[in-house]
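One structure is given below, encoded as structure tokens.
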Amino acid sequence: TVNVGAQYSIETHVFDFDREIYGDPIEVRFLTFRREEQQFSSLQELTGALERDASAARAFFQERGDRRF
11 TVNVGAQYSI
21 ETHVFDFDRE
31 IYGDPIEVRF
41 LTFRREEQQF
51 SSLQELTGAL
61 ERDASAARAF
71 FQERGDRRF
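Residues 11 to 79, numbered by the working numbering, are exactly what the sequence shown covers, in order.
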């Protein structure tokens, strides 16, 4: 979190996907919990956390042997 008090939303990173679908409806399934919400003091801190989250998520799918992700 960088902006406290903003309206709730979900941001989803889709690995290895480069089509423009902004505004299109999608289905999201929660398969594991990554981390609690955190407040970051800078975009650099947020970017670092997102990179760590992405690495952990890729490892999760690799361990499952799920090639769809």
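Backbone N, C-alpha and C fix where the C-beta goes; we use that ideal spot for every residue, glycine too.
Practice task
Would you check if there are 3 or more beta carbon pairs closer than 8 Å linking the segment 59 to 74 to the segment 34 to 46?
Solution key: yes
Practice task
Could you please give the first and the last residue of the uninterrupted alpha helix (DSSP H) stretch that includes R62?
Solution key: L53 to R74
Problem - Alpha-carbon to alpha-carbon, I36 and H23 - result: 12 Å
Problem - Euclidean distance between Cα positions of G33 and D26 - result: 19 Å
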